[in-house]
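Step one of this worksheet: look at the structure below.
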Amino acid sequence: MALRPVLLALRGLGLGDLLTAVPALRALRRAHPEHRIVLAAPAHLGGLLPLIGAVDELVDVSGPGPLPWGTVPYGLPNITNITNITNIPDISDIAVNLHGSGPQSIVALRRARRLLSHAHPAVPGVTGPPWRTEIHEVRRWCEMLEWYGMTADHGDLALRDPGPSRWADAEAVIHPGAGYRAKQWPPERFAGVAAELSRLGLHVVITGGPEEIALARQVAELAGLPGPPAARVLAGRTDLRELAALVGGAKLVICGDTGMSHLATAVGTPSVVIYGPVSPALWGPPPGHPHVTLWTGRTGDAYGDRPSEGLLEIGVRDVLDAAYKLLRSRTGEYQPGRRPPDRAREAISTISASLPPCAPRQ
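Taken in order, the sequence shown gives residues 6 to 367; the numbers are from our numbering.
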């Protein structure tokens, strides 16, 4: 059995971070077909790796490390199913820092024979391009690999077909959670959107992770969605591959600046993404895709403990108008230039009147 050199790629972050790194991972696969590619990332992301098709194995790592260097032998054959490993060979042939600007992530990878990373003044001897702040996350990692002579396709974001969904009747997916409170649009407003989409005849479901079950239930209850909660609240009930299948079969996704927005891009489902306080120019969907991004132009602390001012300036009516635009283009249910039905406008007014006022524009 021929020995295979190891290429280790570090991306110890979340769902959206993994999906923005897909073009870079595929570029690594094309440039190094003889290598066994090991991704260092959180274990719960493993279900998506067969849909990416660029990674052989996963080692469970959160953040920049430490990495579990060990004595796993080289020479594993090519595999089609992702397997989790618990250690990384003592010396990998190539290590690729797809995690951050360093220096922690750079130092964590220095045991490899060759390190590909952005340069950092605190880690002398590591060459690479300078870190640029104002650049889209997808482009950042593609350009880093291009600096090292590889060819990367910035638009290569699509996942493989995840297969049919257990919830094939789900038409509108609403994902109210976010990684940080600064990015989380109020649940009352998500409920207003859910209620109106349901009134228009769409089967609405609420998604989220295990830690977002209470939030999802709150949104569903405030929206008064018909039917049993089990048919409407799917938070905590899907793994990532099932979530990809659910989103891939839907007509519309409504969410904030979180991993769900990148998943909608990856499976080609139209989405309305509510941004604040980070610009969609840095993390948004690529142009030319069926997505609408809502952002007031206000920046701020992305890790804050309360919704950002700019986020609160976006109202239920703004999101519904964007949703109608996407539904018109996808289903023809509404004719171009035609306003929503009277009952829809009345419902929007009722919902909006019951919500807290938006923060004033400065």
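Where is the CB? At the ideal position from N, CA and C, for every residue including glycine.
Asked                                                                                                                        : Found
Ala46, DSSP secondary structure in three states                                                                              : strand
Cut-off 8 Å between Cβ atoms - residues of its own chain near Asp306, not counting five sequence neighbours on either side   : Ala187, Pro282, Ser313
Collapsed DSSP secondary structure at Ile57 in the structure displayed                                                       : helix
Residues that DSSP places opposite Asp65 in a beta bridge                                                                    : Ala46
Nearest-angstrom Cβ-Cβ length linking Thr243 and Leu251, presumed shorter than 8 Å                                           : 6 Å
Glu318, buried or exposed, once every other Cβ within 10 Å from all chains shown has been counted against 16                 : buried
Terminal residues of the beta strand (DSSP E) in which His267 lies                                                           : Here His267 belongs to no beta strand (DSSP E); instead the alpha helix (DSSP H) covers 264 to 272.
Bridge partner(s) assigned by DSSP for Pro13                                                                                 : The sequence shown places Leu at residue 13, not Pro. According to DSSP, which records beta bridges pairwise, Leu13 is partnered with Val43, Ala100.
Counterpart residues of Cys147 in DSSP-defined beta bridges                                                                  : Its beta-bridge partners do not exist; DSSP assigns none.
Alpha-carbon to alpha-carbon, Leu23 and Ala100                                                                               : 17 Å
Span separating the alpha-carbon of Cys147 from that of Ile211                                                               : 34 Å
Nearest-angstrom Cα separation, counted from Ala48 out to Tyr79                                                              : Below a pLDDT of 50, predicted positions are generally treated as unreliable, and Tyr79, at 34, falls in that range; the measurement from the model is reported next regardless. So the alpha carbons of these two residues sit roughly 21 Å apart.
Chain-order list of residues whose beta-carbon lies under 8 Å from that of His208 (same chain, five-residue window excluded) : Asp174, Ala175, Glu176, Ala177
Helix, strand or coil at Gln340 according to DSSP, with G and I counted as helix                                             : In this prediction, Gln340 scores a pLDDT of 33, lower than 50, which makes its location untrustworthy; no coordinate-derived value is stated.
Residue range of the unbroken alpha helix (DSSP H) whose run includes Val283                                                 : No alpha helix (DSSP H) contains Val283, which DSSP labels as neither H nor E.
Three-state secondary structure assigned by DSSP to Ser110                                                                   : helix
Backbone CA spacing between Ala271 and Ala286 [nearest angstrom]                                                             : 17 Å
Close-in-space but distant-in-sequence residues of the same chain around Leu220 (CB under 7 Å, 5 per side omitted)           : Pro181, Gly182, Pro192, Gly213
Buried or exposed (CB count within 10 angstroms, at least 16 for buried), Ile259                                             : buried
Limits of the unbroken alpha helix (DSSP H) element including Leu316                                                         : 314 to 317
Own chain residues within Cβ distance below 6 Å of Gly293, not counting five before or after                                 : none
DSSP state of Val210 mapped onto helix, strand, coil                                                                         : strand
Nearest-angstrom Cα separation, counted from Ala45 out to Ala196                                                             : 37 Å
Through-space distance from Leu72 to Pro5, alpha-carbon basis                                                                : The chain is shown from 6 up to 367; residue 5 falls before or after that span and cannot be answered.
Cβ contact check for the stretch 105 to 124 and the stretch 52 to 60: 3 or more pairs under 8 Å                              : no
Cβ-Cβ distance between Arg31 and Asp161 below 7 Å                                                                            : yes
Glu39 versus His125 - alpha carbon distance                                                                                  : 29 Å
Leu299 vs Ile279 beta-carbon contact at 7 Å                                                                                  : yes
Simplified DSSP state of Thr25, which is helix, strand or coil                                                               : helix
Selected residue, minimal CA-CA separation from Arg322, among Arg194, Arg237, Thr274, Gly273                                 : Arg194
Limits of the beta strand (DSSP E) - the one that Arg204 falls within                                                        : First-last for Arg204: 192 to 204, but that is the alpha helix (DSSP H), not the beta strand (DSSP E).
C-alpha gap between Arg204 and Trp190, whole angstroms                                                                       : 21 Å
Distance CB(Pro290)-CB(Leu331) smaller than 7 Å                                                                              : no
First through last residue of the alpha helix (DSSP H) which encompasses Gly261                                              : First-last for Gly261: 257 to 261, but that is the beta strand (DSSP E), not the alpha helix (DSSP H).
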